[in-house]
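Let me begin by presenting the structure, written as structure tokens, before commenting on it.
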Amino acid sequence: MQKKLIALAVAGLVSVPAFAQSNVTIYGRLDAGLFNKDEIGTDGKEHAVTRVDSSGWTTSRLGFKGAENLGNGLQALFQVETKLVNDDDTGLRGQARDTFVGLAGGFGAVLLGRLSSPLNSWLADFDHAEGAPYFKVTNVGQGFLKDAVFETRADNTIAYATPNMGGFQAIAYYSFNLMAPELAPSSEEIRVGGVGFRYTAGGLDAFYTYNNAAKAAEIDNHSLGLSYDFGVAKIMGTYLLTDFDTNADSKQYSLGVQVPVGAGVISAGFGHEQNLGGVRDNDQDTWALTYKHNLSKRTFLYAGYQRQDPDGGIARDTYGVGVAHQF
Amino acid sequence: MQKKLIALAVAGLVSVPAFAQSNVTIYGRLDAGLFNKDEIGTDGKEHAVTRVDSSGWTTSRLGFKGAENLGNGLQALFQVETKLVNDDDTGLRGQARDTFVGLAGGFGAVLLGRLSSPLNSWLADFDHAEGAPYFKVTNVGQGFLKDAVFETRADNTIAYATPNMGGFQAIAYYSFNLMAPELAPSSEEIRVGGVGFRYTAGGLDAFYTYNNAAKAAEIDNHSLGLSYDFGVAKIMGTYLLTDFDTNADSKQYSLGVQVPVGAGVISAGFGHEQNLGGVRDNDQDTWALTYKHNLSKRTFLYAGYQRQDPDGGIARDTYGVGVAHQF
Amino acid sequence: MQKKLIALAVAGLVSVPAFAQSNVTIYGRLDAGLFNKDEIGTDGKEHAVTRVDSSGWTTSRLGFKGAENLGNGLQALFQVETKLVNDDDTGLRGQARDTFVGLAGGFGAVLLGRLSSPLNSWLADFDHAEGAPYFKVTNVGQGFLKDAVFETRADNTIAYATPNMGGFQAIAYYSFNLMAPELAPSSEEIRVGGVGFRYTAGGLDAFYTYNNAAKAAEIDNHSLGLSYDFGVAKIMGTYLLTDFDTNADSKQYSLGVQVPVGAGVISAGFGHEQNLGGVRDNDQDTWALTYKHNLSKRTFLYAGYQRQDPDGGIARDTYGVGVAHQF
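Protein chains in written order, with this note's numbering: chain A, 1352 to 1678; chain B, 1352 to 1678; chain C, 1352 to 1678.
Written out as structure tokens, the structure is:
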């Protein structure tokens, strides 16, 4: 009765369960460490800056997700995930990560919302440091190479994923407008779509993705990843080719190795990025060496070193140690 | 001991329960679909835009709520609810929905915070499409009719709701300043208050609300809703009259019908809005036809069509399909 | 299998537990009340403003925290806490409060992130009204006395806290940059650090903190707090001395008493702040009288009066009643 009172007091207000429960799983990650980074200062010179930063190895995040069995093998799915910046006052004001609602079943899954491209979902698995923001060697110089448009999350997106068929899976996605805000029909809209294929069996893991973006001009991207786990070591490589209509194409490749040592993993990687036909000399080599020490399945310490060495530019070093916790 | 250590380490820091639990219920809704909408573009012309959008049928949201029994029938209540925009990078940065703390008991409930007016809480129950943002026929043209000031949430608000007395309930609210930011005393403050009465019995459901806003001028609003569920069909209607001091009064009415068909509901609605005495010709008819298919109590698919036809203006069509999930 | 499908569909997507559970505790507070405050308006005059406001007694907040036992007495800890403004549309867009990840054990705790200084964690415990934003007498005029830099949360911070050793605890912290945004190396960075010592035994509670900030000039702060609970009453006092290089030093002191009466506590406080050597006459007396009535361990009502009386300025009164709920 009390419950009914409240329920009517303000529409949809409050239920009063004996024990609070819900259909939601809360999950997330927090990563923070002490880092020394070479940065180009406001004076145009290189400075070594020491700081406590978040997200050195893995992007801090908070999420809410759930699934409901609808019968006949059909499921409703949702996820709301937001980036955390746990070293300043950002709080819950971070940018959304994958956020969607959809249905899954024997046919696969159809999702609508803000979604990662297959390249964005998969590339980190083929990086020696799991795509660690401060230590990765894959797609490091996103800015000048413009591949960010494909290794990203896309707004206004519908995606279809096949079920896992003996280790093989395919994903297709289409974004009606890559980035908010949604203007009334204008040339600002960027339509992006693509497909991805991944095969995992035994120690083998491989993917191919194709992405296309259309705004004023067309951009095509072909990406490959391959890894093999020999037990004593796992080796991996990636290749990304992006074809711009305007001929300033870019390509990247990376190589990595991970060696398990007790409760930890030592890893090393090398990446090369270049802007073919560009007027600027945009080649860059990236070297990195990292160590990840697992304290449990959910918590690890890490230490790493990365050197970004642009051809003809100022080399920048990053090193540091940190802790990451998953919940 | 470990627990005490932490508790002291940083004030109010961390408790370490064997199993995580809390006094909070997390709840929410996610709604996304594929829509084709006529929009007036930056070029001043009408364009049909196809997009994945969120909140086609029901506004996506995430909330935290709870209640504590204080003894003697008294309860403490709270709710924190925020709007989600699940098709872009907004994440948890959406606008607050009803957010409050208060006490409830045999006397009813007193709440303080940001609260819906009774009209805002109730109007959707008398719309053929449950007040669906893309398919409703009630209070569609909020902008030009200025009724938004009443079908809204109000900041700085105190509200009192009676208990449910044999199907009858009354709510009174008063907002000391409708919208943030809260300036030092100035003419920018809009004080809004009102009362609402609702009676539900058998198939009958009816409400009347009175709202008053005072800033430079007074605005009065009288709203009525009536529905009857015959079993084979539910019919409903609303009437809103807003009296502006400046004589540019507005009135609206709507009619709707819902017909259950298996696991679904077909519904149709018509709404008319007009600005009496206004210098502009602001009449608008709105037609809509929708179908809602329940996959479970928490998940449904929907399809709908809405036509907004302003007198002397450009008619705009919206149609689309979507999925909504409640958790 | 269904689970695997989804897990692969989008990396790290959705797990489908039989019952939703998590390693997270959700907690928070909501405080709202009806207040009459003297404010200096846009017309430069004093106005008595009546409003529903949030956070009159305790700052409204929402948090997510957890701990994992790693074995050998070691724990991983995290917390994400955000300020709530529950009387307007701010929603979850409030400023971050203490947010961190770290490790704890027999050695104490090491935390990285955005963290309260010891002064910020402890000062409220020595205020008659528990540091209530509307009724406190400690560090009231933060703005002109510039002590806010120490009674604050610091970004980019690493902190170490000893375990509780027979009632004694020490904390040290260092912030590489007090406030975001993090610019490339520039004079905008404010490095802040300090230590705090606290001793609690029987009815006695005492702390001393030292803080230092370095930007263009050095600022040193020494703060003391002392309280003794006689049972029939608890008396308390604080003293803060801040030494600016530029000689515009400031000092503050406060006195308070809390008297338990049935389920409630009556409290009174007096605080004095002065800016030594300042060009303006910045002395201010603050008087306050409050009553807090506990409805349960988690919910209380409060009423209070505070008068801020600057020497030569306009005295401002605040009074009001409210309700606060902890979850």
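Just so it is clear, CB atoms sit at the ideal spot from N, CA and C, and this is done for glycine as well. This one's a predicted model, so the numbers in the text were calculated from it and none came from an experiment.
If we call anything under 8 Å between Cβ atoms a contact, is residue i one with residue j?
i	j	result
N1507 (chain C)	V1672 (chain A)	no
I1509 (chain B)	L1385 (chain C)	yes
Y1485 (chain C)	Q1657 (chain C)	yes
G1453 (chain A)	V1674 (chain B)	yes
E1419 (chain C)	Q1430 (chain C)	no
H1573 (chain A)	Q1603 (chain A)	no
L1443 (chain A)	F1451 (chain A)	no
L1606 (chain C)	G1620 (chain C)	yes
A1557 (chain B)	G1576 (chain B)	yes
D1636 (chain C)	D1660 (chain C)	yes
E1432 (chain A)	A1455 (chain A)	no
F1415 (chain B)	L1413 (chain C)	yes
Looking at the C-beta of residue i, does it have a partner C-beta in chain A at a distance below 8 Å?
i	result
G1547 (chain B)	no
A1565 (chain C)	no
I1377 (chain B)	yes
F1527 (chain C)	yes
Q1677 (chain C)	no
F1451 (chain C)	yes
G1442 (chain B)	yes
S1405 (chain B)	yes
Q1446 (chain C)	yes
G1459 (chain C)	no
Where residue i and residue j are concerned, what is the direct C-alpha to C-alpha distance, given to the nearest angstrom?
i	j	result
N1374 (chain C)	G1545 (chain B)	44 Å
T1513 (chain A)	Y1670 (chain A)	40 Å
Y1653 (chain A)	L1428 (chain B)	44 Å
E1523 (chain B)	G1445 (chain B)	Checking the sequence, you will find Ala at residue 1523 (chain B) rather than Glu. For A1523 (chain B) and G1445 (chain B), the distance between alpha carbons rounds to 27 Å.
L1381 (chain B)	T1410 (chain B)	8 Å
Q1677 (chain C)	Y1511 (chain B)	22 Å
T1589 (chain A)	A1480 (chain B)	50 Å
W1473 (chain A)	R1549 (chain A)	9 Å
T1641 (chain A)	S1467 (chain A)	26 Å
N1563 (chain A)	L1529 (chain A)	12 Å
A1568 (chain C)	N1626 (chain C)	17 Å
L1421 (chain C)	S1647 (chain A)	6 Å
G1424 (chain B)	G1517 (chain A)	59 Å
G1663 (chain B)	S1601 (chain B)	18 Å
G1395 (chain B)	N1633 (chain B)	19 Å
G1554 (chain B)	F1519 (chain B)	14 Å
T1650 (chain A)	A1460 (chain C)	16 Å
For residue i, tell me which candidate among the options has the shortest Cα-Cα distance.
i	options	result
K1566 (chain B)	B:V1583, B:D1596, B:T1513, B:R1444	B:D1596
T1593 (chain A)	A:T1560, A:F1581, A:R1542	A:T1560
T1393 (chain B)	A:G1576, A:E1540, A:V1488, A:T1441	A:E1540
S1578 (chain C)	C:D1478, C:T1489, C:K1396, C:E1432	C:D1478
D1449 (chain B)	B:M1587, B:N1437, B:E1502	B:E1502
K1434 (chain C)	C:Y1378, C:G1395, C:N1515	C:Y1378
V1612 (chain C)	C:D1634, C:N1645, C:D1600	C:N1645
Would you verify that the beta carbon of residue i is, or is not, closer than 8 Å to some beta carbon of chain C?
i	result
T1393 (chain B)	no
E1624 (chain B)	no
D1439 (chain B)	no
I1665 (chain B)	no
D1506 (chain B)	yes
D1389 (chain A)	no
L1591 (chain B)	no
Check the C-beta distance from residue i over to residue j and give it rounded, since I have them as a contact under 8 Å.
i	j	result
R1465 (chain B)	A1505 (chain B)	7 Å
A1639 (chain C)	V1610 (chain C)	The pair is not a contact, with the Cβ atoms about 14 Å apart (cut-off 8 Å).
T1401 (chain A)	N1387 (chain A)	5 Å
L1470 (chain A)	G1547 (chain A)	7 Å
D1438 (chain A)	A1383 (chain A)	6 Å
Using beta carbons (cut-off 8 Å, strictly below), is residue i in contact with chain B?
i	result
T1401 (chain C)	yes
N1471 (chain A)	no
F1415 (chain A)	yes
Q1454 (chain C)	A small fix is needed here, since residue 1454 (chain C) is Leu in this sequence, not Gln. L1454 (chain C) does not count as touching chain B.
Going along chain E, which residues have a C-beta under 8 Å from residue i?
i	result
T1650 (chain B)	Among the protein chains in the structure shown, which are A, B and C, there is no chain E.
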